[in-house]
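First the structure, in the form of C-alpha cells, and then the observations on it.
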Amino acid sequence: MSRNAELAQVFAEIADVLDLTGANAFRVNAHRKVARAIEECGEDVATIALADPARLRSIPGIGDSSAHKIEEWARTGRVAERDELLATVPTGVPGLLQVPGLGPKRVRTLWQEGGVDSVDALRARLTAGTLGGLPGMGPKTLKAIEDALRFMEASRGRVRLGEAMPVAMAFAEVLRRVPGVKRISHAGSLRRGRETIGDIDLVASGTDHAALHAAIRAAPGVVQVIASGETKTSVRTDRGLQVDLRTVDDDRFGAALLYFTGSKEHNVRLRERAQRMGMRLNEYGLFTDDGEAAPQDRGAIPLAAKDEEDVYRALGLRWMPPELREDHGELERHPPEDLLRIEDIRAELHCHTTASDGTLEIEAMVQEAVRRGFHTIAITDHSRSQAQANGLDAARLATHAAAIREVAKAWSKRITVLAGSEVDILADGSLDYPDEVLAALDFVVASPHSALRAEPAAATERLLAAIRHPLVHVIGHPTGRIVGAREGLSPDIALLAKEAAARKVALEVNANAMRLDLRDSHVRLCVEAGCLVAIDTDAHGAGDFDELPYGVATARRGWLPASLCVNAWDRDRLLAWVRSKR
DNA sequence: GCCGTTTTCGGCCCGACTGTTTTCAGTCG
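Oh and the first sequence: position 458 is 458 in this note's numbering, straight run, nothing missing.
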C-alpha cells in the first residue's frame, strides 16, 4: 500500500468508528472527505505535511484538525485518536460496514444487541439461524445480508475500466432494442473514466419504462435482480458486476444523466450553487426553489432538464466533460479549452511486434496504425534484459531496425514509421543498451520493468537518470504499477515532471487498462509542470489499439491539453521533436 | 470537522427502494 493509501485508511477508520458510535454525521463525512483527498493527491501527503504545513491546509477538505493528525502520522507513523477510537470497538466490527446493505445503524444493532463482532461471526450466526428477533432484522433483511456476504466472497470489489466498459456496452445494446427507447448512456464512474468501477450505471429514456426494466432483468448474464421499481432496477451479472438502470422521460434525460454521472462531490457542488441561486437541483431537473421538497411531484416545470448543457448553462456554467467532475476545482477554474480528445490522437509511439512479444509482424502493425488514421507509428520492441519477452540484443536490434526501415520506405506515402526500442531502465538508472546503439535508432521509450519495489527516493533517482539521458524521448509506464494488482514505484512525480519539462522528455500515460500509468493525479502534476505527455497503447496486437480511450480518459481526468500531448501533434511538429533528441 | 459572493457561526444535497418498528428508518448512490 502506498503511503497515501495507508494514511487515507487511518481517516477512513476514524470515520467508521465515529459512524458506529453515532457521532455527528457531518463530522463523520468530514473524515471520509479527508481520506478521499489524501487518496487522490498525486503527491505524498506526509511529505507535504513535513515540508509545507500551509500547503497541507490549502488542500480542500483538510482543516486544522486533520492537518495536525496528518503531521502526527508523518512524524510518528501513528494517529493517537485513531488508536483510541479503534480500542472502543471490537476489532472486527468496522469490517461489518463493508457488507453491502449494512450501514452504521444495523451494524450497531448486530454488535450491541446481537453480539456479532466480525464478518466471520455474522456468517456463522446467519448459518446457525440465530439472528431472528433483532429489531429491524426481518427474514428478508437477513436473507439480503446472506446474499451480500456471498457476493463479497465471490467478487472482491471494483473491476478495471477495461473490463466494465464492454459489459456496459452490451447492456446498452440490449436496451437499444426496446421499443420506444429514446436515449441511452452509461453514467457513473464508468462515464467519468475512473480506473476502476464499483458498478455499472445506465440511464435510459423512452416511452415504455416498464419494458426497459423488464429488458434489463432479462438481459443475458443476469443472475440476480437486487431491486426493481418503476424508475430504478439493480441486477447482478454472472461476473459479479452490479448494473443499475435508471429510466426517465426524455425531456428529463440531461438532468438524470448529470445526476447519475456524478461524482457525488461534483453534484453536491452543483446543488449548493443552485441553492445559492434560489434553485433546486435533482435528477428530474433544475427547479425554482419554492421551499417545498420534490417539485417534480407537484407538476413544477423545470428551468432546465433536457440536456446536460441546459442545466450547466442555467447555473451559469459551461458544460463539464465527465472526466473532470470530481470536485477538483473544475467549477472554480474551468479546465483547458483544448482538453485532449480521442480524435486528437494521431500517433502511436510505443508498440511491439513478433520481434519481441507482440503478435503482429512489422507490416501488419503499420497497417493497423494506418487503419486507425495515424500519421506516425514508432515500433518499439523490448530490449535484451526482457528475456522472457524475447527482448532483442544489439545485433538482433540492428537487423530489426533495418527491417522496420524497409517497411517505412514502402509505406512512406501513408504513414511515418520510426525504428525504435522500449529499452529497460535498469535498477541503477542506466539503460539496457549502450548509447551508440540507442543513437542509431529514431525513437527511444525508456521504461522500468524490474526492481519495481524500490524505495521512493531510489525510484526517483532512477527515473531522473533516464529523463536526463539525451537520447530518450519517452519514459514508458513510469511507475510500473498494475491496477489492483501491483503498486509499482512511488517516485516523486512532481520532481520528475519538472525535470522532464526542462528536457522536453515526455512521460507516458500507458493506455492499457491494466496499467493506466501514469495515473490521473500524476497527469495533473505534469500539466502543472508544463511537461510533455505521451499516450500510447503499448500494443502487442491489433485489438490493443482499442484501449486508447482509457488512456485518453485518464489524461483528461488529469486536465491534459492537446498541446502538451505529443501524440496529438501534427507530423511535422512531432518529427521535429523526435529529431531534436538525435 | 470544514468552510465563507448572506457567514468566523451555523449550516452542511436529494430521492429511490426495501422491509418492517403500520408511518418510516435504513441504506445506497
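Cβ atoms here follow ideal geometry from the backbone N, Cα and C, with glycine treated the same way.
- With DSSP as the reference, label alanine 362 as helix, strand or coil. Residue 362 is actually isoleucine in this sequence, not alanine. Correct three-state label for isoleucine 362: helix.
- When the Cα of aspartate 538 is compared with those of Ala500, Glu422 and Ala458, which residue comes out closest? Glu422
- Message: For arginine 276 and serine 263, I'd like the C-alpha separation in whole angstroms.
- Response: 20 angstroms
- Query: How is the alpha helix (DSSP H) around glutamate 508 delimited, first residue to last?
  - Reply: First-last for glutamate 508: 506-510, but that is the beta strand (DSSP E), not the alpha helix (DSSP H).
- Query: In whole angstroms, what is the alpha-carbon distance linking glycine 61 and leucine 18?
  - Reply: 18 angstroms
- From the DSSP output, in three-state form, read off aspartate 517 for me. strand
- Opposing strand residues paired with glycine 420 [DSSP bridges]: Thr380 and Phe443
- Message: For the structure I just gave you, are there three or more beta carbon pairs, one from the stretch 508-516 and one from the stretch 306-316, closer than 8 angstroms?
- Response: no
- the stretch 479-497 / the stretch 449-465 touching (three or more Cβ pairs under 8 angstroms): yes
- Query: From alanine 446 to isoleucine 404, what does the alpha carbon distance come to, in whole angstroms?
  - Reply: 19 angstroms
- Item | Within 9 angstroms, strictly: CB atoms of threonine 196 and valine 159 | yes
- Message: Can you list, in chain order, the residues of its chain with a C-beta nearer than 6 angstroms to that of glutamate 363? Leave out the 5 residues immediately preceding and following it.
- Response: Val407
- Task: List the whole-angstrom C-beta distance separating valine 472 from valine 444, where the pair is believed to meet the contact cut-off of C-beta under 8 angstroms.
- Result: 5 angstroms
- Among Ala568, Ala497 and Asn567, which has the Cα closest to the Cα of glycine 530? Ala497
- Task: To the nearest angstrom, report how far apart serine 383 and aspartate 120 are at their CA atoms.
- Result: 49 angstroms
- Message: I'd like to know if the stretch 370-378 and the stretch 549-565 are in contact, where contact means that at least 3 CB-CB pairs between them fall below 8 angstroms.
- Response: no
- Task: Could you say which of His209, Ala219 and Gly254 lies nearest to threonine 247 if we only look at CA atoms?
- Result: His209
- Do you know how far the Cα of threonine 109 is from the Cα of glutamine 141? In the sequence under discussion, the amino acid at residue 141 is threonine, which differs from the glutamine named in the question. Going from the Cα of threonine 141 to the Cα of threonine 109 covers about 13 angstroms.
- Item | Assigned exposure category for glutamine 224 - 16 Cβ within 10 Å defines buried | exposed
- Pull up the distance between the alpha-carbon of arginine 106 and that of arginine 271, whole angstroms please. 29 angstroms
- Rounded to a whole number of angstroms, what is the C-alpha to C-alpha distance between proline 100 and glutamine 242? 12 angstroms
- Nearest-angstrom Cα distance between isoleucine 467 and glycine 391? 22 angstroms
- Are leucine 190 and valine 181 touching if we call contact CB-CB under 9 angstroms? no
- Length of the line joining the Cα atoms of proline 470 and aspartate 238: 51 angstroms
- Message: One question on the structure: do leucine 281 and asparagine 267 come within less than 9 angstroms of each other, judged by their Cβ atoms?
- Response: yes
- Item | Cβ-based neighbour list, threonine 460, same chain, cut-off 8 angstroms, excluding 5 preceding and 5 following | Pro491, Asp492, Leu495 and Leu496
- Relative to the C-alpha of glycine 229, which residue among Ala214, Ala293 and Glu337 is closest? Ala214
- Message: My output table needs one value for alanine 300: the three-state DSSP class, helix, strand or coil.
- Response: coil
- Task: Decide if lysine 232 is buried, meaning its Cβ has at least 16 other Cβ atoms within 10 Å, or exposed.
- Result: exposed
- Out of Arg524, Arg36 and Leu397, point me to the one whose CA is closest to glutamate 436's CA. Leu397
- Message: Which residue marks the beginning of the alpha helix (DSSP H) containing histidine 68, and which one marks its end?
- Response: 64-76
- Message: For alanine 54 and lysine 143, what's the separation of their Cα atoms in angstroms?
- Response: 50 angstroms
- Mind checking whether tyrosine 433 and alanine 401 have CB atoms under 9 angstroms apart? no
- When the Cα atoms are used, what is the spatial distance from valine 533 to asparagine 4? 24 angstroms
- Query: From arginine 217 to leucine 426, what does the alpha carbon distance come to, in whole angstroms?
  - Reply: 52 angstroms
- Task: Could you tell me the boundaries of the beta strand (DSSP E) in which histidine 227 lies?
- Result: It should be noted that the sequence gives alanine, not histidine, for residue 227. Start and end: 222-228.
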